[in-house]
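Undergrad: Protein chains in written order, with my numbering: chain C, 151 to 365; chain A, 151 to 365.
Note that beta-carbon positions come from the ideal geometry of N, C-alpha and C, so glycine has one too.
This is the structure I have questions about; it appears just below.
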C-alpha cells in the first residue's frame with residue numbers, strides 16, 4: 151500500500167521530534183526527510199504544530215453528524231458511538247498517537263493546544279445534549295454534567311491506551327461509557343429507574359428501605 | 151475602610167480595559183490612574199495579564215487544605231465546601247469578577263489562560279478524590295468523573311451568576327452540587343444507598359421491579 155504524502159510528512163516529523171526535540175526541528179528538516187518540498191508541506195499543514203495533531207476539523211463534523219441523528223430516546227447509543235468515533239481515530243493512528251502523547255507531555259504549548267481541542271469536543275457534546283434536555287428540569291446543568299462525563303470517560307480510556315495500560319480497549323471503553331451514562335439517566339416520566347448500590351445480602355431489608363423512600 | 155494598593159491597581163486596570171481595551175492599555179496608564187509607581191505595580195503583579203485573574207496561587211492551597219481534612223465518608227460535604235470556597239471568592243470580588251468575565255470573553259489569550267486555571271482545579275479535585283477511591287472498582291475512572299461533575303456544577307453556577315442570570319446563587323449552588331454528587335454516590339459496603347427516580351405512583355410495582363433486580 152503506497153503511503154500518502156501527508157502520512158510521510160507526519161512520520162518524518164515525529165521521528166525528528168523524538169530524535170532532536172520539537173523546538174529544535176525545522177520544517178526544512180521535516181521535508182528533507184520526507185522527500186518533499188516546502189510547498190507540499192504547506193499544502194497539508196499551516197505550520198510545525200499542525201503536524202502534531204489529528205485533523206480535528208475533519209473529525210468534529212463526523213462526531214456532530216452522528217449526534218445529530220439521535221433524539222432524547224436514542225441518545226445513549228448516539229453518545230457512545232460519537233465518542234467511539236474519536237477513540238477509533240486514535241486507535242487507527244497507532245504509534246503516531248502514542249508519539250504525540252509523549253510529545254504533548256513535554257511541550258507546554260502543545261499541551262495547551264490539546265486542552266483547547268478537548269474543549270471543542272466538550273462544547274459540541276454539550277450543545278447537542280442541551281437540545282435533547284432543553285425542556286427538562288435543570289436541563290442545561292444536566293446537559294453540561296452529561297457532556298463532561300462522556301468526555302471524561304472517553305479521555306480516561308484514551309489515556310490508558312496511549313500509556314499502554316490497557317489490554318482490552320473495547321471492554322475499557324464499554325465500562326467507562328456505561329459509568330458515564332449511568333450518572334445522568336434519561337428522564338423517565340412514566341417508567342421507573344431504581345438504582346440500588348448495596349453490599350447488603352438481606353433483600354427484604356433493602357426492599358423496606360425502597361418502600362420507605364417511595365412512601 | 152481604606153482601599154489596598156492592590157485593589158486600587160485592579161480597579162484602575164479594569165476601568166481602563168473597559169474604556170480602551172485590554173491590548174491598548176499599558177502598565178504606565180494603570181499606575182498613573184491608581185496613583186502608584188511601576189515598582190509598586192510589579193511588587194503585586196508579574197504583568198498586565200496577572201491583574202485580570204484572581205490569585206489562584208492563594209486560592210488553590212485553601213481548596214486543597216479543605217479537601218485534605220476529609221475522608222471517604224465525609225467527602226461530600228468536603229467537596230461542597232471546597233467548591234464553595236472558589237465560588238465565594240468570586241462573589242466577594244463582585245463587580246471585578248463580572249468585568250473579568252466580559253474581558254475574557256473577548257480576548258482569546260485571556261480565555262485560554264482561564265481555561266488553564268480551570269484545569270488546575272480539576273486536577274486538584276481529581277487527585278484528592280482518587281486518594282479516597284483508590285481501592286474501589288474503577289476508582290480512578292470514578293474519581294475523574296466525580297471531579298469533572300463537581301467542577302462542571304461549580305462553573306455552571308458561577309457562569310450564571312457572572313451573567314446575572316440567577317437571583318439566588320446559594321440555592322443554585324446547592325441544587326447543582328446535589329446533582330453532581332448524586333451522580334457518583336460513595337460506595338457503601340454494608341449499608342444500602344437507594345436512589346429512586348420515579349413518576350410511577352404504583353409503589354408495589356416498583357418494589358416488584360426492585361426485587362427482580364436484586365434476586
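1. Rounded to whole angstroms, how far is the Cβ of residue 274(A) from the Cβ of residue 214(A), which I believe are closer than 8 Å?
2. Less than 6 Å between C-beta atoms, sequence neighbours within five positions excluded: which residues of the same chain meet that for residue 319(C)?
3. Enumerate in chain order the residues of its own chain whose CB-to-CB distance from residue 160(C) is below 8 Å, with the five nearest sequence positions on each side excluded.
4. Going by alpha carbons, who is nearest to residue 250(C) out of 158(C), 204(C) and 228(C)?
5. Which of the three DSSP states is assigned to residue 165(A) in this structure?
6. Considering only the beta carbon of each residue, do residue 302(C) and residue 294(A) sit closer than 7 Å?
7. Does any residue of chain A have a CB that is nearer than 7 Å to the CB of residue 314(C)?
8. Pop quiz: residue 284(A) and residue 297(A) are said to be a contact at Cβ under 8 Å. What is the actual Cβ separation, rounded to whole angstroms?
9. Give the list of continuous alpha helix (DSSP H) stretches no shorter than 4 residues that lie fully inside the segment 261-348 of chain C.
10. Below 8 Å on C-beta distance, what does residue 277(C) contact in chain A?
11. Contact between the segment 253-271 of chain A and the segment 251-271 of chain C: three or more CB pairs below 8 Å?
12. Beta-carbon within less than 6 Å of residue 217(C)'s beta-carbon, same chain only, minus the 5 sequence neighbours each way: which residues are those?
13. When the Cα of residue 331(A) is compared with those of 291(A), 175(A), 178(A) and 226(A), which residue comes out closest?
14. I need the DSSP call for residue 172(C), collapsed to helix, strand or coil.
15. Measuring only between beta-carbons, confirm whether residue 116(A) sits less than 7 Å from chain C.
16. For residue 304(A), is the classification buried or exposed, using 16 other Cβ atoms within 10 angstroms of its Cβ as the cut-off for buried?
17. Provide the residue span of the alpha helix (DSSP H) that contains residue 207(A), from first to last.
18. At what residues does the alpha helix (DSSP H) containing residue 236(A) begin and finish?
19. Quick one, which of 327(A), 164(A), 354(A) and 362(A) has its alpha-carbon nearest residue 237(A)'s?
TA: Per the coordinate set shown:
1. Locating residue 274(A) in the second chain gives position 124, where the first residue counts as 1. Locating residue 214(A) in the second chain gives position 64, where the first residue counts as 1. With 8 Å as the limit, residue 274(A) and residue 214(A) qualify as a contact, their Cβ atoms being about 6 Å apart.
2. Against the first chain, residue 319(C) aligns to sequence position 169. Result list for residue 319(C): 311, in chain order.
3. On the first chain, position 10 is the one that residue 160(C) refers to. Same-chain partners within the cutoff: 201 and 246.
4. The residue you call residue 250(C) lines up with position 100 of the first chain. Nearest C-alpha to residue 250(C): 204(C).
5. Here residue 165(A) refers to the residue found at position 15 when the second chain is read from its first residue. If DSSP states are grouped into helix, strand and coil, residue 165(A) belongs with the helices.
6. Working through the first chain from its first residue, we reach residue 302(C) at position 152. Working through the second chain from its first residue, we reach residue 294(A) at position 144. In contact: residue 302(C) and residue 294(A) (Cβ atoms closer than 7 Å).
7. Along the first chain, one-based indexing puts residue 314(C) at 164. Taking Cβ atoms only, chain A never reaches closer than 7 Å to residue 314(C), which makes this a no.
8. As a first step, residue 284(A) must be located in the second chain, where it is residue number 134. As a first step, residue 297(A) must be located in the second chain, where it is residue number 147. No, residue 284(A) and residue 297(A) are not in contact; Cβ-Cβ is about 14 Å, not under 8 Å.
9. 289-312 and 319-333
10. Here the question's residue 277(C) lines up with position 127 in the first chain. Below the 8 Å Cβ cutoff, chain A contributes no neighbours of residue 277(C), its closest Cβ being approximately 15 Å away.
11. Proximity of the segment 253-271 of chain A to the segment 251-271 of chain C meets the contact definition, three or more beta-carbon pairs being nearer than 8 Å.
12. Here residue 217(C) refers to the residue found at position 67 when the first chain is read from its first residue. These residues qualify, in order along the chain: 228, 232 and 278.
13. Here residue 331(A) corresponds to residue number 181 of the second chain, with the count starting at 1. That would be 226(A), whose Cα lies nearest to the Cα of residue 331(A).
14. Position 22 of the first chain, counted from the first residue, corresponds to residue 172(C). Three-state result, residue 172(C): coil.
15. Here chain A covers residues 151 to 365 and nothing more, so residue 116(A) does not appear.
16. Here the question's residue 304(A) lines up with position 154 in the second chain. The residue in question, residue 304(A), is buried, as its Cβ has 16 or more Cβ neighbours within 10 Å.
17. Numbered from its first residue, the second chain carries residue 207(A) at position 57. Looking at the DSSP string, the run of the alpha helix (DSSP H) that includes residue 207(A) is 206-218.
18. Looking up residue 236(A) in the second chain gives position 86. First-last of the alpha helix (DSSP H) with residue 236(A): 225-243.
19. Position 87 of the second chain, counted from the first residue, corresponds to residue 237(A). Taking residue 237(A) as reference, the option from 327(A), 164(A), 354(A) and 362(A) with the minimal CA-CA separation is 327(A).
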